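The structure appears below as structure tokens.
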Amino acid sequence: MSADLDLLKTPGPTITALTAPFWQAAAEGRLLIQSCEACGKAVFYPRPICPHCWSDHLAWCEASGRGRLKSFSVVHKPGHPGWLPAAPYVVGLVELDEGPTMLSFIVADEAACAVGQPLVLAPTRIGGRVLPAFKPLAAAGSITPLNHTGNTPMSTETKDGWIGVIKGRPQVGAFAERSRRTRLEDIEAFTEMTGDRNPLHYDKALAEASVFGKLIVQGGVTSGILNALVAEDLPGPGTVFLEVGWKFVKAVGVDEMITGRVEIKEVRQDKPICKIETSVRNEAGDICLTGTATVFTVPLAKA
Amino acid sequence: MSAARSRGAIAGIGELKPVRRTEGRTTLEMIAEVSRLAVLDAGLEPGHIDGLLVGPQVGETPQHVPATVAEYLGLKPDMANVVDLGGASGAGMVWRAAAAIEAGMCEAVLCVLANTREEVPARSPNRNPIREFDVPFGASGANISYALLMQAHMAEHGSKPEDFAAVAAWARANAQLNPDAIFFGKPAGVDDVLASPMVASPLHLLEIVMPVAGGEAVVVVSAKRARQLAKPAVHLLGAGEKVTHRAVSQAPSLTSGPLKPAIVRAFVQSGTSADQMSLLSLYDCYTIMVAATIEDAGLCAPGQFGRWVRDHDLGHAGDAPLNPHGGQLGFGQPDLAGGMTHVVEAVRQLRGDATGRQIANAKLALVTGNGATMSEATALVLGADQ
Chain A
1 MSADLDLLKT
11 PGPTITALTA
21 PFWQAAAEGR
31 LLIQSCEACG
41 KAVFYPRPIC
51 PHCWSDHLAW
61 CEASGRGRLK
71 SFSVVHKPGH
81 PGWLPAAPYV
91 VGLVELDEGP
101 TMLSFIVADE
111 AACAVGQPLV
121 LAPTRIGGRV
131 LPAFKPLAAA
141 GSITPLNHTG
151 NTPMSTETKD
161 GWIGVIKGRP
171 QVGAFAERSR
181 RTRLEDIEAF
191 TEMTGDRNPL
201 HYDKALAEAS
211 VFGKLIVQGG
221 VTSGILNALV
231 AEDLPGPGTV
241 FLEVGWKFVK
251 AVGVDEMITG
261 RVEIKEVRQD
271 KPICKIETSV
281 RNEAGDICLT
291 GTATVFTVPL
301 AKA
Chain B
1001 MSAARSRGAI
1011 AGIGELKPVR
1021 RTEGRTTLEM
1031 IAEVSRLAVL
1041 DAGLEPGHID
1051 GLLVGPQVGE
1061 TPQHVPATVA
1071 EYLGLKPDMA
1081 NVVDLGGASG
1091 AGMVWRAAAA
1101 IEAGMCEAVL
1111 CVLANTREEV
1121 PARSPNRNPI
1131 REFDVPFGAS
1141 GANISYALLM
1151 QAHMAEHGSK
1161 PEDFAAVAAW
1171 ARANAQLNPD
1181 AIFFGKPAGV
1191 DDVLASPMVA
1201 SPLHLLEIVM
1211 PVAGGEAVVV
1221 VSAKRARQLA
1231 KPAVHLLGAG
1241 EKVTHRAVSQ
1251 APSLTSGPLK
1261 PAIVRAFVQS
1271 GTSADQMSLL
1281 SLYDCYTIMV
1291 AATIEDAGLC
1301 APGQFGRWVR
1311 DHDLGHAGDA
1321 PLNPHGGQLG
1331 FGQPDLAGGM
1341 THVVEAVRQL
1351 RGDATGRQIA
1361 NAKLALVTGN
1371 GATMSEATAL
1381 VLGADQ
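Chains as they are written, first to last, in the numbering used here: chain A, 1 to 303; chain B, 1001 to 1386.
This is the structure:
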């Protein structure tokens, strides 16, 4: 394992509102799990109800960070190409002292791993984020560890380009979605704006006889939901597109519910620029637009 | 045969010869071809099929799969559903079909699974716990999960790499008698398995199924109806099912799985036991899965599968025939249809139709299905017609 783990292009977590405290704590080098106030059992991963007794009284608590290696594997052929530069690397099942088991990255080579051995939390920067990795308790040192004040060693060396951005620096893996129903008025408004009077948008009989089989909205109406997403939701106010690469793979008709989605793929530290994955789906879940974009978020927060 | 009650019968089977690539083809085409084979085999007309069980079709038909398949085949079923139990889907379909017939909902159920395979396989984006809490740590895909199960078995029971390799070698040996198997003409011994590249320790390449495209289908009817049809009926005598988790980190045990209670239920329902089986048609996505199933079925004590494999002859003429079609390790794994190969082979053997690899006087078969990370389990006991 010689690659710099932090530079890997690995898939990040798909964070939800419920799980956000776990990942926030992880970014600070801490391990948060849930504890059931009704039955007293520890719960991992985070849920709205206890999987043991179905109580909805779950409280966050900081785990001891101690555990035991239940099993491990040295991965030579990763299942995701983003991990290739790191192979071989070790993943393990960590039985936490509190009871639950989690899968984690083990900061050790094969010779240092044995089933049953005690482990300790070793927060590690992997793929641009700090993950709650573990290392053998006896092992001295680890790879790119995080100091426990929560500040990454990197951040003192590189200027933070996200100061002043209203919603702050987004996390890789964060995503947002937004839905709306297309209307005939969208077509007219877009024509008003651009002069695009393509008969496919107005001549019902002609459009129905075409490959689309229906009256369709302009591509700009479809992609427009992504403008709203980046400017309103993620990364949020102040965001503009620098570059887009979009494929319009399926036409959108009038009176269709469309859902746009953006997911943060890469975040620059020194500038408020990120690369995002974008898509628009129709009600049936078919992809209508897919591609990537680079966005810049103007710092608009008042000092 | 035992006095076990028939809960329904398999009257027809269909199987496509597995291939590595199907560029330009669709899952629906494969489903149509294999369904036709199964209905012809049963001696039924398409109009007789009034029940339909299908699997999920990632990347092609995300929703409304039964309606899409029914329309494509020109069927108008009185019962239709998706069975989504990974490698246990095939076995899971068989008892569901029989239960629907017993409930009076329909009379002849087509259970069909097929898949295409292109250079870039379709993936469905997950947004669930395994995606959020396993994938970011470097654990994508099934190989790593089964490697973790295998490592735990070795640590708990002292099993050796050669014990697991022997399972793969038997699968390859049996595949030499199945011209349709992807590894027909390509035997591999224990040394070959151990010399193959390490994918995720302790799992070697040749201990992992080869993904292929293919299709498998069966037609389930009542026992009475089956006896009036073309081929000898193969009866469902007992079934069991259990689902315990999805991600390997959440498995209640790493060395014994949900097949254990599922097999017990299938034996209790059928009034049979492991030592009565003429055939073990055991789901084998990885060598560790066969090892765990041999132990969970009670064929040997926990941890003793290595010795059990050494002490028995797993060929069709041996004392413990196990996957005479080569298993998925020898035949190839046509995605979800892979699990159904174990049902189809059991039907061939119990009919006395397994040309070139027929088990003498085959009466009873244990069929297992397994999905996800030793998470989803279905067991069937099938019996030959009296």
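All residues carry an ideal CB built from backbone N, CA and C; glycine is no exception. Just so we're clear, the structure is a prediction, and the values are computed from it rather than from any experiment.
Taking Arg1357 (chain B) as reference, the option from B:Gln1276, B:Pro1321, B:Pro1161 and B:Thr1341 with the minimal CA-CA separation is B:Pro1321. Excluding sequence positions up to five before and after Asp186 (chain A), its CB lies within less than 6 Å of the CB of Val217 and Val221, all in the same chain and listed in chain order. For the segment 1140–1153 of chain B, the set of positions with a beta-carbon nearer than 7 Å to some beta-carbon of chain A reads Ser1140, Gly1141, Asn1143, Ile1144, Ala1147, Leu1148, Gln1151 and Ala1152 in chain order. Here DSSP, grouped into helix, strand and coil, assigns Thr1068 (chain B) to helix. Within chain A, the C-beta atoms nearer than 9 Å to that of Arg1131 (chain B) come from Pro11, Pro13 and Thr14, in chain order. Sorting A:Leu96, A:Gly127 and A:Val75 by C-alpha distance to the C-alpha of Ala108 (chain A) places A:Val75 at the top. Just measuring C-alpha positions, the residue of A:Ile264, A:Gly224 and A:Gly236 sitting nearest Met193 (chain A) is A:Gly224. Secondary structure of Ile287 (chain A) (DSSP, three-state): strand. Taking the Cα positions, Val1082 (chain B) is about 19 Å away from Arg1123 (chain B). In the three-state scheme derived from DSSP, where H, G and I count as helix and E and B as strand, Trp1170 (chain B) is classed as helix.
Among the residues of chain A, none has a CB under 8 Å from the CB of Leu1329 (chain B); the nearest is roughly 18 Å distant. Chain-order list of chain B residues neighbouring Glu208 (chain A): empty, with the shortest C-beta distance near 22 Å, by a criterion of under 9 Å.
With a threshold of 8 Å between beta carbons, Met257 (chain A) makes no contact with chain B.
Your pair Leu1259 (chain B) and Thr1293 (chain B) checks out as a contact, with CB atoms roughly 6 Å apart and the cut at 8 Å. Cys113 (chain A) counts as buried, since no fewer than 16 other beta carbons sit within 10 angstroms of its beta carbon.
Under the criterion of beta carbons closer than 8 Å, Asp6 (chain A) and Gly82 (chain A) do not qualify as touching, at roughly 13 Å. The beta carbon of His1157 (chain B) sits closer than 6 Å to the beta carbons of Gly1303 from its chain, once the five residues preceding and following it are set aside; these are given in chain order. For the pair Thr101 (chain A) and Glu110 (chain A), the CB atoms are not nearer than the 8 Å cut-off. Under DSSP, Thr1061 (chain B) forms a beta bridge with B:Gln1057. In this structure, the CA atom of Ala1337 (chain B) is about 8 Å from the CA atom of Gly1087 (chain B). Against chain A, the CB of Gln1063 (chain B) has a partner CB under 8 Å away; the residue lies at that interface. Between Leu1382 (chain B) and the set B:Asn1370, B:Arg1096, B:Leu1366 and B:Leu1085, the nearest pair of CA atoms involves B:Leu1366. Nearest in C-alpha terms to Asn1128 (chain B), of all of A:Pro46, A:Leu31 and A:Glu283, is A:Pro46. According to DSSP, residue pairing for Gly245 (chain A) in a beta bridge involves A:Thr292.
Between Ser279 (chain A) and Thr290 (chain A), the C-beta spacing is below 8 Å. The criterion of a C-beta distance shorter than 8 Å is not satisfied by Leu1203 (chain B) and Leu93 (chain A). Note that the C-beta distance between Gly1055 (chain B) and Asp1084 (chain B) is below 8 Å.
The DSSP-derived three-state label of Tyr89 (chain A) is strand.
Under the three-state reduction of DSSP, His1204 (chain B) is assigned to strand. Using a C-beta cut-off of 8 Å, the segment 1149–1168 of chain B makes contact with the segment 1305–1312 of chain B, since at least three inter-stretch Cβ pairs fall below that distance.
Around Phe1137 (chain B), the beta-carbon contacts reaching into chain A at under 7 Å are Val91, Leu103, Ser104, Phe105 and Leu131. Annotation for Ala1354 (chain B): Arg1348 place their beta carbon closer than 6 Å to its own, counting only its chain and skipping 5 residues before and after. Non-local C-beta neighbours of Gly1318 (chain B) in its own chain, meaning closer than 7 Å and more than five positions away in sequence, comprise His1312, ordered along the chain. Within the model, the alpha-carbon separation for Gln1333 (chain B) versus Val1209 (chain B) is close to 6 Å. Sequence-distant Cβ neighbours of Asp1284 (chain B) in its own chain, meaning closer than 7 Å and more than five residues away, are Ala1171, Val1290, Asn1323, Gly1327, Gln1328 and Leu1329. Scanning B:Val1199, B:Lys1363, B:Leu1016 and B:Leu1040 for the CA closest to the CA of Ala1274 (chain B) turns up B:Lys1363.
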